[in-house]
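Going by my numbering, the sequence shown opens with residue 8, and the numbers climb by one from there. Note sheet for the following structure.
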Amino acid sequence: MTKSSVVSLTVRALRNPVHYQRLNDAVNLVGDAQRSVEEVAQILKELNADFVMQGVFRYSPCVDTCSRRDTKREQEKCKKWQYAYDLMAEAVDTVKSEVGVKVGGGTPIEFFWAEQWDSEIEFNKWLTRDEVWEYALDPSSFGLSISKEDFQKWFWKRFSGEDVVDPKKEMDFYLFDPTLSDVQNLLADILEAQINCGIDAFWWDMLLLPVAALLEYGISVEHTAIQEVFKGCKDIASFTKKKVTHIGWSYYKLEEDYGVLTKYGKLPLDACVDLISSREVAFTSMNDARWNKIQQHVRNIYGDITHFARLDFGFGRTGLYIFAEELTVEEAKEFLTIAENFFQQRGILFILPVHGGNPCDPIQIAQEECPKLAYGQYNWYDSLAPEFDTYDTIKSIALNRTQSASSQ
């Protein structure tokens, strides 16, 4: 499974990025939802895709092979969802042997799990809550009069809407301290595990979350705590960029609201991403003024960098939630065309939503606010699922991109 330790992707040459999270996640499903990696490769070939966002993706702690799991039940679950690095590596190899496409990896860094492996390469120790709690961000360590417990409780309330009494025992994940060498080593191992899978680019989702959280809590941007925590995040971005093409949010709001990037420097990025707003999706209309502002910030901070736009997902009424659950099929198709034309004119690459990403969060599902599940049961978006049925529109857009590129 081991690959080269250094890979690169010429992002400026990209024309046709798509989102497909993960390449092998439907291999062992049943009925119409089942999809082999070979079939995924044919979809990407049919779309003439040149980059797959989140083709490899780590959400929760991941093993190198399913036999690492403790029980037979856990091993079977691992195999069903193909959630092990050796299986993801096989999928990348299969796709690349069939299609001339680059594959992106990534992880949502906001989920710094309270129990996790100390390394996703060696698997020599499973860290307990007591051990991981030592890696949780403690404002008092930077001279602030805020306890770790109070800050982590605030973070959990903001993130989940739930109150906790004992954050170490009750929180599923903590807000991490990026300045700690042990934290950086943990994240470096996650990166290396995916590089070993054959990825060409990597995405740390919400890398600057510790900075944003401190600022939102009310800490002045001038405080040394912000400077030190930002430097920790920048260190993570730096070692990532040395290993692989690094993709991240532009963080234009942190610049607009606090001047963070002007004050402390830009993150080392090869390509940046901004999200399409929920309002733009709901009204199937792009906001010129908003994107003028975004592009100006991006140019000021990063210069002439490759710029992606995408539908975001996670918690609440996200862009993908509205796109999948509130728009009709025809409205969704119309929105894809409107967004593509808008971004083409601006030189921004719209990442087409082919597969993956959760439209609904657990609360929305529990409150029956998620009327459309892929193939009637799966909380992920799939353009080929009858509930969404946008694949033909995506295919048309992708082919137009290819024809446009070949005529230039």
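Using N, Cα and C, we set each Cβ at its ideal position, and we do this for glycine too. This one's a predicted model, so the numbers in the text were calculated from it and none came from an experiment.
message: On the CB-based measure, 16 or more other CB atoms within 10 Å of its CB, does Pro378 come out buried or exposed?
response: With fewer than 16 other Cβ atoms within 10 Å, it is exposed.
- request: Using beta-carbon positions only, say whether Lys164 and Asp157 come within less than 8 Å of one another.
  value: Their beta carbons are not under 8 Å apart, which means Lys164 does not touch Asp157 by this criterion.
- prompt: Alpha carbon to alpha carbon, how far is Tyr271 from Lys241?
  reply: Their backbone Cα atoms lie some 10 Å apart in a straight line.
message: What residue range does the beta strand (DSSP E) around Asp7 cover?
response: Past the edges of the chain, shown from 8 to 415, lies residue 7, and the structure says nothing about it.
- prompt: Measuring CB to CB, does Ser285 end up less than 8 Å from Ile355?
  reply: No, the Cβ-Cβ distance between Ser285 and Ile355 is not below 8 Å.
- request: Give the straight-line distance between the Cα atoms of His26 and Ile358, rounded to the nearest whole angstrom.
  value: Approximately 6 Å, taken between the alpha carbons.
field: With 16 other Cβ atoms within 10 Å as the buried cut-off, status of Pro366
entry: The residue is buried, with at least 16 neighbouring Cβ atoms inside 10 Å.
- prompt: Whose C-beta lies closer than 6 Å to the C-beta of Pro115 among residues of the same chain, with five residues either side of it excluded?
  reply: Taken in chain order, the residues that qualify are Asp212.
- prompt: Glu263 and Thr269 look like a contact to me (Cβ under 8 Å); what is the Cβ gap, rounded to whole Å?
  reply: Cβ atoms of Glu263 and Thr269 stay farther apart than 8 Å, at about 10 Å.
- request: Measure the Cβ-Cβ separation of Leu391 and Pro360 and say whether it is below 8 Å.
  value: Cβ atoms of Leu391 and Pro360: not closer than 8 Å.
- request: Using the Cα positions of Val251 and Leu282, report the straight-line distance between them to the nearest angstrom.
  value: Their Cα atoms are separated by approximately 23 Å.
message: Give me, in chain order, the residues of the same chain whose beta-carbon lies closer than 8 Å to that of Thr325; leave out the 5 immediate sequence neighbours on both sides.
response: Counting only Cβ-Cβ distances below 8 Å, and skipping sequence neighbours, we find Ser285, Leu318, Asp319, Pro366.
- prompt: Would Arg306 be called buried (16 or more neighbouring beta carbons within 10 Å of its own) or exposed?
  reply: Classification of Arg306: exposed, given that the 10 Å Cβ count is below 16.
query: Helix, strand or coil: how does DSSP classify Thr9 here?
result: Annotation note: pLDDT 48 at Thr9 (below 50); position unreliable, coordinate value reported separately. Secondary structure at Thr9: coil, using DSSP grouped into helix, strand and coil.
- request: With a threshold of 16 other CB atoms inside 10 Å of the CB of Lys155, please say whether the residue is buried or exposed.
  value: Around the CB of Lys155, 16 or more other CB atoms lie within 10 Å, so the residue is classed as buried.
query: Based on the DSSP secondary-structure assignment, which residues constitute the bridge partners of Thr313?
result: Within the DSSP secondary-structure output, Thr313 pairs in a beta bridge with Ala278.
task: Helix, strand or coil for Asp184, going by three-state DSSP, please let me know.
output: The three-state reading of DSSP puts Asp184 in coil, since its state is none of H, G, I, E or B.
- prompt: When the Cβ atoms of the segment 222–231 are set against those of the segment 120–134, are three or more pairs found closer than 8 Å?
  reply: The count of Cβ pairs closer than 8 Å, one atom from the segment 222–231 and one from the segment 120–134, stays below three, leaving the stretches out of contact.
- prompt: Can you give the Cα-Cα distance for Leu343 and Leu216, rounded to whole angstroms?
  reply: A straight-line Cα-Cα distance of about 29 Å links Leu343 and Leu216.
8 Å Cβ shell around Ile312 - same chain, five flanking residues per side excluded: Counting only Cβ-Cβ distances below 8 Å, and skipping sequence neighbours, we find Leu276, Asp277, Ala278, Cys279, Val305.
task: Tell me whether Glu97 is buried or exposed, calling it buried when 16 or more other Cβ atoms sit within 10 Å of its Cβ.
output: Glu97 is classed as buried because its beta carbon has at least 16 other beta carbons within 10 Å across all chains shown.
Residues of its chain near Phe246, where Cβ-Cβ distance is below 7 Å and the 5 sequence neighbours each way are ignored: Taken in chain order, the residues that qualify are Ala195.
query: Under a Cβ-count criterion, where at least 16 other Cβ atoms within 10 Å of its own Cβ denotes burial, should Asn192 be classed as buried or exposed?
result: Looking at its Cβ environment, which holds fewer than 16 other Cβ atoms inside 10 Å, Asn192 is exposed.
message: Spatial neighbours of Val139 within its chain, please: C-beta separation below 6 Å, excluding the five flanking residues on both sides.
response: Sequence-distant Cβ neighbours of Val139 in its own chain, meaning closer than 6 Å and more than five residues away, are Ala121.
Gly310, buried or exposed, once every other Cβ within 10 Å from all chains shown has been counted against 16: Taking every protein chain shown into account, the CB of Gly310 has fewer than 16 other CB atoms within 10 angstroms, so this residue is exposed.
message: Could you check whether Leu54 and Ala405 sit closer than 8 Å to each other, using their CB atoms as the reference points?
response: It is a contact, given that the beta carbons lie within the stated cut-off.
- request: Kindly indicate which three-state DSSP category Ala98 falls into: helix, strand or coil?
  value: Three-state result, Ala98: helix.
- request: Over the uninterrupted beta strand (DSSP E) stretch that includes Tyr27, give me the two end residues.
  value: 24–27 is the extent of the beta strand (DSSP E) around Tyr27.
query: Is it right to say Lys160 is buried, meaning 16 or more other beta carbons lie within 10 angstroms of its own, or is it exposed?
result: With a threshold of 16 other beta carbon atoms within 10 Å, Lys160 meets it and is buried.
Nonlocal neighbours in the same chain, by C-beta distance under 7 Å from Val13, ignoring five residues either side: Here the model assigns Val13 a pLDDT of 44, short of 50, so the residue's position is not dependable, and the following value carries that caveat. Lys250, listed in sequence order.
field: Supposed contact pair Gly364 and Tyr382 - C-beta distance, whole angstroms, cut 8 Å
entry: Incorrect: roughly 15 Å between the Cβ atoms, too far for contact.
- prompt: How big is the Cα-Cα spacing for Met293 and Glu338?
  reply: Each residue's Cα considered, the two are about 14 Å apart.
field: Nonlocal neighbours in the same chain, by C-beta distance under 8 Å from Ala316, ignoring five residues either side
entry: Within the same chain, and ignoring the five residues on either side of Ala316 in sequence, the residues whose Cβ sits closer than 8 Å to its Cβ are Val280, Asp281, Leu282, Ile283, Ala346, Phe350, Ile355, Leu356, Phe357, Ile358.
8 Å Cβ shell around Tyr92 - same chain, five flanking residues per side excluded: Correct list, in chain order: Met8, Cys69, Val70, Asp71, Thr72, Glu127, Ala200, Gln201, Asn203, Cys204.
message: Give me, in chain order, the residues of the same chain whose beta-carbon lies closer than 7 Å to that of Asp39; leave out the 5 immediate sequence neighbours on both sides.
response: Excluding sequence neighbours, Asp39 sits near Tyr382.
message: In whole angstroms, give me the CA-to-CA distance for Thr409 and Ile50.
response: Roughly 15 Å separates the two Cα atoms.
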